[in-house]
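Input: a single structure, listed below in structure tokens.
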Amino acid sequence: MSTVEERPTRWLKVLDQTRCIGCHACTVACKSENEVPLGVTRTYVKSADVGVFPQVRRAFQVTRCNQCTDAPCVAACPTEAMYKRPDGIVDFDKEICIGCKACIAACPYDAIFINPEDHSAEKCNMCAHRLDVGLEPACVSVCPTEAILVGDGNDPTSKVAQLVARKPALVRRPEKETGPGVFYLGAHQATLDPLGAARPEGGLYAWATQGAPDPQLVVSGHPDGARSSAAALLSYDVPHHAPWGWRVSLYTWTKSIAAGAFLLGVVLALTGLLDFGDATVRFAAPLLALVFLGVTGVLLIWDLKHPFRFYLIFTRHHWGSWLVRGSFIIGGYGGVVVLYLGAALLDLRLVQQVTGVLGVLLGLGTACYTAYLFAQAKARDLWQSPLLPAHLAVQAVLAGAASLLPFAVWLSPERGVHAVEVVLAVAAATHLVLVWSEITLPHVTAHAHLATKEMVRGRFAVFFRVGVVATAVAVAAPWIGVVAVPFALVGLLAHEHAYVQAGQSVPLA
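Encoded structure:
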């Protein structure tokens, strides 16, 4: 007797754009069913005008979470507030969301937002509460043309599985390798590709989100004026916003000082250019590290939409998230620096040396883990650079040398001062070489190209140029001494802001 193997349910959604009439009934039903407040949407209908008069038509695309098989938001979430159900739905738990916005930065589809009323992340979850009791999602039940279908992709008899198997079903941004569970039939490339249609300056957005022109808007199509094969102009969309603002830019700078000051002081002592008994190495380096580590922690917590839930990073941690890994690295680094300072106060030289070496390793981790945090933001192509860990290490040395130099002048012998000046100059020059490499090497994707363009010649060009010029002045540190310090620190801060914000500037949906 034969038995039929029972397959687990895998919910899929098919959006037939040849049937979509752009009525927005799905958006309204979703808002009503899920109590989505004004100004944000779990789903909306994007449209673009395609062609040249008189051969013009309007193409629609229902835009929402893609219920990915390999969901970047789940990997990046530090508390597992974003999680994947056994039936393939990517769901969320608002009670443990800390509002870090790592999921938003990670999503290649701009599908996640912070609810302005409860300050937690949310998105389309296929109306999981309705599916669980045998009902269709709200958008499916109201669509007048049956343009939206939901079914079990593992059931070969379901209409959804048959459509995906037999018709040319497309997914958005397949290059991100997320394994989307949302498929499009008959969608125009101008709507599927976030850069496939030109964006009118000022934007033509859904009425609920209109206002001043979005400062995060990139007014262009593909790089250097390229367009899709048919002329296309975006006619209806929602604005693109950067999840991480100036506090994240500032955090990368304060963290560089915190890591670099201690790291450099100990390395100079280990190489004999300074001494562990020298006041710069003994007190200035660890105190600078602790002060700026504290400022870094304040900035990170301040940037959370639920700052009083920050402890969940340590009590409900998801080890796959680099936000969690980084928090533990920073915590371990701070603990070792405290032990080092205690050993220095008690003049326990061997303990000071051992904790110093351990602190150097953790300091490098503190400086470099952000590269892996940014790499988890799969949506931000500018940040997917193999040079980034090395660049962050160089920036930490640059920031550490600049912050230590005034103390070395005050507390250390002349040879120690000269050593810090030389390190500052070399780090500044290396930083500039790495910046030059990052902006001149060919970019693999159009998104990375556009983000670089925004950084070098666009809205963040002033910060970028200040960063380059100020850091170039710091290369003269062996000749101008402490005069180089403000140039190095301001130049690094300006560059960090330009880099972090430009990386988030390209529309994703």
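Taking UniProt numbering, the leading residue of the sequence shown gets 1, the next gets one more, and so forth.
We treat Cβ as the ideally placed atom computed from N, Cα and C, and that holds for glycine.
None of these values were measured; they are calculated from a predicted model.
Best match in Thr79, Ala71, Leu274, Ile98 for proximity to Gly88 [C-alpha to C-alpha]: The residue labelled residue 88 in the question sits at position 88 within the sequence shown. The residue with the shortest Cα to Cα distance from Gly88 is Ala71.
Count the other C-beta atoms from every protein chain shown that fall within 10 angstroms of the C-beta of Asp132, then say buried if there are 16 or more, exposed otherwise. Locating residue 132 in the sequence shown gives position 132, where the first residue counts as 1. Asp132 comes out exposed.
Can you tell me whether Val462 is buried or exposed, with buried defined as 16 or more other CB within 10 angstroms of its CB? Counted from its first residue, the sequence shown places residue 462 at position 462. Answer is exposed; the Cβ neighbour count stays below 16.
Cut-off 8 Å between Cβ atoms - residues of its own chain near Ala448, not counting five sequence neighbours on either side: Reading the sequence shown from its first residue, position 448 is the one you call residue 448. Excluding sequence neighbours, Ala448 sits near Asp381, Leu382, Gln384.
Is there contact between the segment 364-372 and the segment 489-507, where contact requires at least three CB pairs shorter than 8 Å? no
Inter-residue spacing [alpha-carbon to alpha-carbon] between Leu304 and Asp110: Taking the sequence shown and counting its residues from 1, one reaches residue 304 at position 304. Taking the sequence shown and counting its residues from 1, one reaches residue 110 at position 110. Rounded to whole angstroms, Leu304 to Asp110 spans 19 Å at the Cα level.
Whether Ile114 touches Lys101 by CB criterion (8 Å): Position 114 of the sequence shown, counting from 1, holds the residue named residue 114. Position 101 of the sequence shown, counting from 1, holds the residue named residue 101. Taking 8 Å as the Cβ cut-off, Ile114 and Lys101 qualify as a contacting pair.
Span separating the alpha-carbon of Asp347 from that of Thr271: Locating residue 347 in the sequence shown gives position 347, counting from the first residue. Locating residue 271 in the sequence shown gives position 271, counting from the first residue. Near 20 Å, if we compare the C-alpha coordinates of Thr271 and Asp347.
In terms of residues, what are the limits of the beta strand (DSSP E) holding Gly481? The sequence position of residue 481 within the sequence shown is 481, counting from 1. First-last for Gly481: undefined, no H or E at that position.
Leu149 and Lys46: beta carbons closer than 8 Å? On the sequence shown, position 149 is the one that residue 149 refers to. On the sequence shown, position 46 is the one that residue 46 refers to. No, the Cβ-Cβ distance between Leu149 and Lys46 is not below 8 Å.
So, at 8 Å on beta carbons, what are the nonlocal neighbours of Ser141 in its own chain, with the 5 sequence-adjacent residues on each side left out? Here residue 141 refers to the residue found at position 141 when the sequence shown is read from its first residue. Closer than 8 Å at the Cβ level, and outside the excluded window around Ser141, lie Ala29, Leu135.
So, at 6 Å on beta carbons, what are the nonlocal neighbours of Asp93 in its own chain, with the 5 sequence-adjacent residues on each side left out? As a working note, residue 93 is residue 93 in the sequence shown. Excluding residues within five positions, the ones whose Cβ falls inside 6 Å are Ala81.
Contiguous alpha helix (DSSP H) assignments of at least 4 residues, all confined to the UniProt domain "4Fe-4S ferredoxin-type" (11-41): 25-34
What beta strand (DSSP E) runs, 3 residues minimum, are completely inside the segment 122-197? 148-152, 182-185
When you compare only the Cα positions, how much space is there between Arg172 and Ala446? Indexing the sequence shown from 1 puts residue 172 at position 172. Indexing the sequence shown from 1 puts residue 446 at position 446. Distance between the alpha carbons of Arg172 and Ala446: 15 Å.
Which residue comes first and which comes last in the beta strand (DSSP E) that contains Phe92? Translated into the one-based positions of the sequence shown, residue 92 becomes position 92. Note, Phe92: beta strand (DSSP E), 90-92.
Residues sharing a beta bridge with Ile114, DSSP: Counting from one through the sequence shown, the residue named residue 114 turns up at place 114. Paired residues: Ala121.
Near Val337, which residues of its chain fall below 7 Å by C-beta distance, leaving aside the five closest residues on each side in sequence? For the purposes of this step, residue 337 is identified with residue 337 of the sequence shown, where counting begins at 1. Taken in chain order, the residues that qualify are Phe262, Pro286, Ala289, Leu290, Gly359.
Give me whichever residues DSSP pairs with Lys46 in a beta bridge. Counted from its first residue, the sequence shown places residue 46 at position 46. Lys46 pairs with Gln61.
Between Gly186 and Thr18, which are expected to be in contact by the criterion C-beta below 8 Å, what is the C-beta distance as a whole number of angstroms? As a working note, residue 186 is residue 186 in the sequence shown. As a working note, residue 18 is residue 18 in the sequence shown. About 4 Å separates the two Cβ atoms, so the contact holds.
With which residues is Lys84 paired in a DSSP beta bridge? As a position in the sequence shown, residue 84 is number 84, starting the count at 1. In the DSSP output, where bridge partners are listed per residue, Lys84 has Val90.
Smallest Cα separation from Pro37: which of Asp118, Ala344, Pro78, Gly467? Here residue 37 is taken as the residue at index 37 of the sequence shown, counted from 1. The candidate whose alpha carbon is nearest that of Pro37 is Asp118.
Pairwise C-alpha distance: Val433 and Leu387: As a first step, residue 387 must be located in the sequence shown, where it is residue number 387. As a first step, residue 433 must be located in the sequence shown, where it is residue number 433. Rounded to the nearest angstrom, the two C-alpha atoms are 11 Å apart.
Would you say the segment 410-424 touches the segment 474-490, given that touching needs at least three Cβ pairs under 8 Å? yes
State the start and end residues of the unbroken alpha helix (DSSP H) segment that holds Ser403. Position 403 of the sequence shown, counted from the start, is the residue given in the question as residue 403. Unbroken alpha helix (DSSP H) run through Ser403: 388-411.
Tell me whether Ala509 sits in a helix, a strand or coil according to DSSP, three-state version. The sequence position of residue 509 within the sequence shown is 509, counting from 1. Coil at Ala509, not helix or strand.
Would you kindly report the start and end of the unbroken alpha helix (DSSP H) that includes Leu441? Translated into positions along the sequence shown, residue 441 becomes position 441. Per DSSP, Leu441 belongs to no alpha helix (DSSP H) and is neither H nor E.
Contacting residues, own chain, Cβ-Cβ under 7 Å from Trp207 (five flanking each side not counted): Within the sequence shown, numbered from 1, the residue matching residue 207 stands at position 207. Caution is warranted here: a pLDDT of 43 is assigned to Trp207, below 50, making its placement in the model unreliable, and the coordinate value is therefore given only provisionally. Hits under 7 Å: none found.
What's the gap between the Cα of Gln376 and the Cα of Val74? The count along the sequence shown starts at 1 and reaches residue 376 at position 376. The count along the sequence shown starts at 1 and reaches residue 74 at position 74. Each residue's alpha carbon lies about 10 Å from the other.
If you run the structure through DSSP and keep just helix, strand and coil, what is Gly51? Looking up residue 51 in the sequence shown gives position 51. Three-state DSSP puts Gly51 in a strand.
Do you know how far the Cα of Ala399 is from the Cα of Leu405? The count along the sequence shown starts at 1 and reaches residue 405 at position 405. The count along the sequence shown starts at 1 and reaches residue 399 at position 399. Taking the straight line from one Cα to the other gives about 10 Å.
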